[in-house]
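In full-length UniProt numbering, the protein residues as written are 1 to 371.
A virtual CB, placed ideally from N, CA and C, is assigned to each residue, including glycine.
Report on the following structure.
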Amino acid sequence: MQNQPFTYESRAQRVLFGAGTLAQAPAELERMGAHKALVLCTAPQRAQAEAVAALLGPRAAGIFDGAVMHVPMASAEAARAAAAQAGANALVAVGGGSTVGLAKAIALVSPLPVLAIPTTYAGSEMTPIYGLTENGLKRTGRDVRVLPRSVLYDPELTLALPVGLSVVSGINAIAHAAEGLYAADGNPVMGLMAAEGIAALGRALPALHAAPHDLHARSDALYGAWLCGLVLGSVSMALHHKLCHTLGGSFNLPHAELHTVVLPHVLAYNAKAAPHAMQRIAAALGTADAALGVHTLARRLGAPTALRDIGMREEDLDKACALALRDAYPNPRPIEAAPLRNLLQEAFEGAAPRPPNLSTTPTQQTTETTP
Ligand SMILES: NC(=O)C1=CN([C@@H]2O[C@H](COP(=O)(O)OP(=O)(O)OC[C@H]3O[C@@H](n4cnc5c(N)ncnc54)[C@H](OP(=O)(O)O)[C@@H]3O)[C@@H](O)[C@H]2O)C=CC1
Ligand SMILES: O=C(O)/C=C\C(=O)CC(=O)O
Numbered sequence: 001m002q003n004q005p006f007t008y009e010s011r012a013q014r015v016l017f018g019a020g021t022l023a024q025a026p027a028e029l030e031r032m033g034a035h036k037a038l039v040l041c042t043a044p045q046r047a048q049a050e051a052v053a054a055l056l057g058p059r060a061a062g063i064f065d066g067a068v069m070h071v072p073m074a075s076a077e078a079a080r081a082a083a084a085q086a087g088a089n090a091l092v093a094v095g096g097g098s099t100v101g102l103a104k105a106i107a108l109v110s111p112l113p114v115l116a117i118p119t120t121y122a123g124s125e126m127t128p129i130y131g132l133t134e135n136g137l138k139r140t141g142r143d144v145r146v147l148p149r150s151v152l153y154d155p156e157l158t159l160a161l162p163v164g165l166s167v168v169s170g171i172n173a174i175a176h177a178a179e180g181l182y183a184a185d186g187n188p189v190m191g192l193m194a195a196e197g198i199a200a201l202g203r204a205l206p207a208l209h210a211a212p213h214d215l216h217a218r219s220d221a222l223y224g225a226w227l228c229g230l231v232l233g234s235v236s237m238a239l240h241h242k243l244c245h246t247l248g249g250s251f252n253l254p255h256a257e258l259h260t261v262v263l264p265h266v267l268a269y270n271a272k273a274a275p276h277a278m279q280r281i282a283a284a285l286g287t288a289d290a291a292l293g294v295h296t297l298a299r300r301l302g303a304p305t306a307l308r309d310i311g312m313r314e315e316d317l318d319k320a321c322a323l324a325l326r327d328a329y330p331n332p333r334p335i336e337a338a339p340l341r342n343l344l345q346e347a348f349e350g351a352a353p354r355p356p357n358l359s360t361t362p363t364q365q366t367t368e369t370t371p
């Protein structure tokens with residue numbers, strides 16, 4: 001029974017899900033009243049964007065293939081200029097979070113609606129969150145103007161996503177849902193989506209690891225990613241996302257791999273302060289312990305589990321700790337220097353996470369909701 005007050009806000013978005021839905025792209029643009037769409041992609045995925053442009057026929061206004069992770073301001077400005085020059089009245093983002101992020105950077109300063117066609121499990125297509133990087137600093141914000149108007153989830157497009165990337169991208173999605181379960185502003189509807197999203201990815205990732213072209217597993221993973229992305233866009237994130245933004249932005253570490261390494265350690269850090277959320281994460285993964293469950297999943301599927309293996313230098317851990325303590329997000333357990341530094345050390349070494357003995361009484365900074 002729900003006994004906590006909460007706020008639930010829904011946002012208007014159309015989602016088409018299933019193998020072959022890519023074919024609906026022209027009709028989706030038609031519904032948006034768009035007749036000239038700029039297709040966005042990364043340079044290596046240009047062939048896929050060309051296939052989409054061919055499908056759009058006269059509705060394609062051109063291709064911009066300059067999407068880069070974390071949306072450097074220079075690439076945002078080049079894309080904005082390309083959209084204006086092409087006379088585009090809509091954007092089609094075909095790719096992962098980097099490409100969707102570029103579409104958002106254009107939508108932030110123009111009225112162009114976005115049709116997102118995701119090919120990873122990052123979940124950006126379901127959020128009003130944008131990120132822009134300038135002078136080595138990444139700033140993020142929320143603005144409903146950047147929320148894609150329509151999303152086509154076609155699992156056939158994820159068949160080409162290499163298995164290693166699929167696994168870390170899926171755990172990136174699990175991180176959104178896990179933090180959603182102890183969000184300060186969580187609600188029971190998002191709790192359901194989070195638990196279902198984790199469960200879908202928990203069964204899909206081992207299945208696609210064993211058989212990367214199994215369309216059923218790919219569909220299950222994309223379904224989980226959708227739900228987890230919706231949670232990310234709807235409720236506040238906590239220590240895990242703060243740490244990943246700090247480490248990713250300041251030390252240029254790969255996004256999904258970083259989430260994969262850090263998540264078990266943050267779950268261990270928060271375990272005693274958010275026991276109900278941990279039970280739901282563990283149950284969704286079919287394990288006894290949430291932190292160990294995520295760590296074991298990553299290890300079993302060959303994903304990185306140590307910061308030192310993804311480019312972090314040990315001499316930067318003190319700086320990382322100091323940065324993460326600045327403007328801390330609300331978190332179930334107070335964010336304190338010594339245990340945070342310990343968390344970073346364990347993540348650096350890749351040790352299996354251990355729920356810590358809290359040295360202080362867990363005066364919660366946020367009340368754990370029971371969504
Ligand atoms: N605003 C928001 O709500 C969110 C934003 N993000 C942001 O998105 C970015 C991370 O997103 P993520 O999806 O992990 O990163 P990318 O979009 O950079 O994609 C990750 C990798 O997947 C590869 N890839 C993508 N699609 C395919 C495909 N069809 N076939 C083969 N390879 C493919 C890319 O290859 P290639 O380089 O060749 O294209 C790239 O190497 C970060 O900048 C993050 O901050 C993430 C989540 C939510
Ligand atoms: O950094 C952004 O662009 C916005 C949000 C995210 O990246 C979410 C995440 O950390 O996965």
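Unbroken beta strand (DSSP E) run spanning R139, endpoints: Looking at the DSSP string, the run of the beta strand (DSSP E) that includes R139 is 137 to 142.
Here's the rule: buried if 16 or more other CB atoms are within 10 angstroms of the residue's CB, otherwise exposed. What is N331? With 16 or more other CB atoms across the displayed protein chains lying within 10 angstroms of its CB, N331 is buried.
Where V144 falls, given that 16 or more other Cβ within 10 Å makes a residue buried: exposed
Is any non-hydrogen atom of ligand 2 found closer than 7 Å to the C-beta of L165, if you look at the structure I gave you? no
Looking at the unbroken alpha helix (DSSP H) that takes in L230, where does it start and where does it end? 215 to 234
Opposite Y130 in the DSSP bridges: which residues? G141
Alpha-carbon spacing of P362 relative to P334, whole angstroms: Residue confidence for P362 is low, a pLDDT of 40 falling below 50, so the modelled location carries little weight and cannot support an answer.
For ligand 2, I want to know if I129 counts as a neighbour, meaning its beta carbon is within less than 7 Å of at least one of the ligand's heavy atoms. yes
Decide if A74 is buried, meaning its Cβ has at least 16 other Cβ atoms within 10 Å, or exposed. exposed
Under a Cβ-count criterion, where at least 16 other Cβ atoms within 10 Å of its own Cβ denotes burial, should D327 be classed as buried or exposed? exposed
Complete alpha helix (DSSP H) runs within the stretch 293 to 325 (minimum length 4 residues, chain order): 317 to 325
Quick one, are the C-beta atoms of V168 and A256 less than 8 Å apart? yes
Reference P212; option with closest CA among G249, S236, L161: L161
Buried or exposed by the 16-neighbour rule on C-beta atoms within 10 Å, applied to R142: exposed
With DSSP run on the structure shown, which of helix, strand or coil describes R354? Three-state DSSP puts R354 in coil, outside helix and strand.
Beta-carbon separation (whole angstroms), L40 vs V94, contact threshold 8 Å: Their Cβ separation, rounded to whole angstroms, is 7 Å, which keeps L40 and V94 in contact under 8 Å.
Whose C-alpha, out of L16, L317, L239, P254, is nearest the C-alpha of A268? L239
Could you tell me if S124 is buried or exposed, where buried requires 16 or more neighbouring beta carbons within 10 angstroms of its beta carbon? buried
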